[in-house]
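2 protein chains.
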Amino acid sequence: MDTRERMVEVTARLLARQGYHATGLAQVLAEAEAPRGSLYFHFPEGKEQMAAEAVRRLGERLGVALQAKLDGKPDVRSGLQSVARMFARQLEASDFTLGCPVATTALEASDEAPALSAACAQVFERWTSVLAERLRQERPRVTAPERVARTVLSLIEGSLLLARVRRSVEPLKDAEVAIGTLLDG
Amino acid sequence: MDTRERMVEVTARLLARQGYHATGLAQVLAEAEAPRGSLYFHFPEGKEQMAAEAVRRLGERLGVALQAKLDGKPDVRSGLQSVARMFARQLEASDFTLGCPVATTALEASDEAPALSAACAQVFERWTSVLAERLRQERPRVTAPERVARTVLSLIEGSLLLARVRRSVEPLKDAEVAIGTLLDG
DNA sequence: TACTCACTAGACCGATCGGTCTACCGAGGT
DNA sequence: ACCTCGGTAGACCGATCGGTCTAGTGAGTA
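Chain order of the listed sequences is W and D.
My numbering applies: residue 127 is where the first sequence begins, and numbers increase by one.
My numbering applies: residue 127 is where the second sequence begins, and numbers increase by one.
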């Protein structure tokens with residue numbers, strides 16, 4: 127794994143856990159065992175550019191996982207509920223430090239780091255399309271699958287936020303139930 | 127308004143807009159027109175303590191507003207939908223810089239600032255109870271109003287996050303519809 | 001007047017921030 | 001052998017971070 131790769135990977139991990147501002151370049155470089163010079167060679171625009179790249183990677187990785195979960199289950203509903211359970215497991219296993227990998231960064235960036243914010247928006251957009259596409263495919267007659275997808279994503283994001291702060295997976299369990307209501311109720 | 131008051135007020139405003147790490151003491155002190163010494167007189171534990179106080183204030187303020195909205199509408203459903211619309215208005219009016227006033231801080235604090243994180247948790251708890259209480263009162267037979275309240279709060283928080291990042295109130299409009307489904311569907 | 005004490009005022013601290021700069025290394029081409 | 005050049009290495013920069021410290025101020029009390 128080359129230096130650039132290691133830097134992106136480390137940054138991604140740190141962004142997911144502690145967000146943008148709490149992640150210093152010194153920490154990234156130490157964990158990636160890379161010198162400072164390499165950072166500005168690979169990312170001429172500096173920290174924000176590297177973070178944007180890391181966010182895109184996190185987004186794609188989770189996008190693929192999401193796709194897989196949805197394809198691996200008989201219907202969208204159970205697929206989404208299994209996603210909620212996956213997040214619950216991840217939260218507990220990480221002592222409530224790993225929720226949505228980009229949420230913290232997305233909020234931090236939203237009014238001072240346009241490039242980073244754009245990367246986050248792009249990631250959310252992708253997740254929404256994955257979900258909407260699967261909805262369209264399973265339920266051809268549903269109107270506005272994008273809206274349904276966005277609503278479910280909102281619910282999951284919100285419950286991840288509450289769960290993390292509360293240090294309890296209850297909000298995710300509630301969301302799991304609510305997903306059923308939203309899709310079929 | 128005394129010095130302490132001004133500091134809390136300024137901190138609250140800045141936390142809502144830019145979060146915890148992006149809010150430096152220098153900025154707070156400048157905007158509050160207070161000297162550095164006063165900060166550590168009023169908040170011996172420093173920045174985190176002051177931020178926790180500001181978060182509690184933000185929480186109570188929004189809690190009261192929430193209560194008022196719910197009491198001022200004929201039923202919980204229309205009350206909550208009006209809350210969603212209020213947030214949509216606020217987001218647009220602020221050029222998408224003002225969503226949930228504590229969400230950014232809550233995520234940032236969740237794994238490195240326990241006192242601050244606790245204040246955030248407390249705030250979310252309060253909002254949940256306000257909503258649950260109103261639910262219990264309007265629909266005595268509903269089971270687990272706390273769960274319903276938490277679910278709706280998750281949905282609103284998530285849609286505020288998406289809306290802010292997307293710079294569009296669409297997610298909030300979708301949430302408004304979904305609130306109806308969750309409560310009555 | 002003299003003493004107290006809650007509070008203001010801001011100089012100062014070491015640490016860390018993100019970013020720049022120059023020197024260097026080493027594989028590939030000629 | 002020599003040069004080029006993609007990339008490493010890390011010293012160094014000014015700015016800013018949160019926090020500490022001492023001096024001073026001013027209203028209240030005896």
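Glycine included, C-beta positions come from ideal geometry on N, C-alpha and C.
- If you check each beta-carbon in the stretch 287-306 of chain W against every beta-carbon of chain D, the ones closer than 8 angstroms belong to 287, 288, 290, 291, 292, 293, 296, 297, 300, 301, 303 and 304.
- Residue contact with chain W for residue 234 (chain D): present (Cβ-Cβ distance below 8 angstroms to some residue of chain W).
- Per DSSP, residue 169 (chain W) is not a residue of any alpha helix (DSSP H), being assigned neither H nor E.
- Shown here, residue 268 (chain W) sits in coil according to DSSP, grouped into three states, outside any helix or strand.
- Between residue 205 (chain W) and residue 196 (chain W), the beta carbon gap of about 4 angstroms places them in contact (Cβ cut-off 8 angstroms).
- Taking residue 153 (chain W) as the centre and dropping the five residues before and after it, the same chain places the C-beta of 140 closer than 7 angstroms to its C-beta, in chain order.
- In chain order, 145, 146, 147, 148 and 234 make up the part of chain D whose C-beta sits under 9 angstroms from the C-beta of residue 147 (chain W).
- Using a CB distance below 7 angstroms, the part of the stretch 237-252 of chain W facing chain D consists of 237, 238, 243, 246, 247 and 250, ordered along the chain.
- Residues of the stretch 184-198 of chain W that bring their beta carbon within less than 8 angstroms of a beta carbon in chain D are absent altogether.
- Closest by C-alpha distance to residue 261 (chain D), out of D:278, D:229, D:245 and D:164, is D:278.
- Counting C-beta atoms within 10 angstroms of its own C-beta, residue 207 (chain W) has 16 or more neighbours from the protein chains shown and is therefore classed as buried.
- The distance from the Cβ of residue 308 (chain D) to that of residue 304 (chain W) is about 6 angstroms, consistent with a contact at the 8 angstroms cut-off.
- Around the beta carbon of residue 128 (chain D), fewer than 16 other beta carbons lie within 10 angstroms, which makes this residue exposed.
- At a C-beta separation below 7 angstroms, residue 152 (chain W) has no neighbours in chain D, since its nearest C-beta there lies roughly 15 angstroms away.
- Interface criterion met: the Cβ of residue 283 (chain D) is under 8 angstroms from a Cβ in chain W.
- When the five nearest sequence neighbours on each side are left out, the beta carbons in the same chain lying within less than 6 angstroms of the beta carbon of residue 297 (chain D) are those of 285, 288 and 289, in order along the chain.
- The stretch 252-269 of chain W and the stretch 178-192 of chain W touch, with three or more beta-carbon pairs separated by less than 8 angstroms.
- Classified as exposed, residue 198 (chain W) has fewer than 16 neighbouring CB atoms from the shown chains inside 10 Å of its CB.
- If you draw a straight line from the Cα of residue 155 (chain D) to the Cα of residue 148 (chain D), it is about 14 angstroms long.
- Rounded to the nearest whole angstrom, the C-alpha separation of residue 162 (chain W) and residue 136 (chain W) is 14 angstroms.
- Taking 8 angstroms as the threshold, the shortest C-beta distance from residue 277 (chain W) to chain D falls below it.
- When the five nearest sequence neighbours on each side are left out, the beta carbons in the same chain lying within less than 8 angstroms of the beta carbon of residue 151 (chain W) are those of 162, 165 and 173, in order along the chain.
- Look at residue 255 (chain W): its C-beta is not under 8 angstroms from any C-beta on chain D.
- Cβ atoms of residue 142 (chain D) and residue 245 (chain D) stay farther apart than 8 angstroms, at about 14 angstroms.
- A straight-line Cα-Cα distance of about 11 angstroms links residue 300 (chain W) and residue 294 (chain W).
- Against chain D, a Cβ distance below 7 angstroms from residue 311 (chain W) picks out 307 and 311.
- Straight-line spacing of the CA atoms in residue 229 (chain W) and residue 241 (chain D) works out to 21 angstroms.
- Non-local C-beta neighbours of residue 310 (chain W) in its own chain, meaning closer than 7 angstroms and more than five positions away in sequence, comprise 203, ordered along the chain.
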